[in-house]
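Below you'll find the structure, written out as structure tokens, and then a few comments.
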Amino acid sequence: MSGQKKDGLLIPINEVAELLQTTPLNVLMHIKRGMLVGSEEEGTWSVDARSLDAFRAVREGADKTLCRSGCSKTGGCASCS
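All residue numbers for the sequence shown refer to this note's numbering, where the first residue is 1 and numbers rise by one.
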């Protein structure tokens, strides 16, 4: 999987993208928007596992798919509304 950090496990964005059925770029956008907690180390981005768990818990009742393309509300995330 990935390395450890002091307060939790870090998951590479490629793995997070697979888990969320989206792209690594979209995961980076979620980090930028504050929806996920991530960090970059030596050019590699990772997401804090607790942040991912919290994000998934919030999305439990929502549409499970995230935007997969250059918007047009493809995945129903409604962030473009």
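Heads up, the beta-carbon is just placed ideally off N, CA and C, and yes, glycines get one too.
Let me know the secondary structure DSSP gives residue i once reduced to three states.
| i | result |
| --- | --- |
| Leu19 | helix |
| Arg33 | coil |
Run the CB neighbour count on residue i, radius 10 Å, all protein chains shown included, and call it buried at 16 or more, exposed below.
| i | result |
| --- | --- |
| Thr44 | exposed |
Determine the direct distance from the alpha carbon of residue j to that of residue i, and round the result to whole angstroms.
| i | j | result |
| --- | --- | --- |
| Phe55 | Val37 | 10 Å |
| Lys32 | Asn26 | 10 Å |
| Glu42 | Asp53 | 25 Å |
| Glu18 | Met29 | 15 Å |
Among the options, which has the Cα closest to the Cα of residue i?
| i | options | result |
| --- | --- | --- |
| Gly8 | Met29, Ser46 and Ile31 | Ser46 |
| Ala57 | Glu15, Leu20 and Ile11 | Leu20 |
| Pro12 | His30, Ser39 and Gly34 | Ser39 |
| Ser51 | Met35, Glu41 and Thr23 | Met35 |
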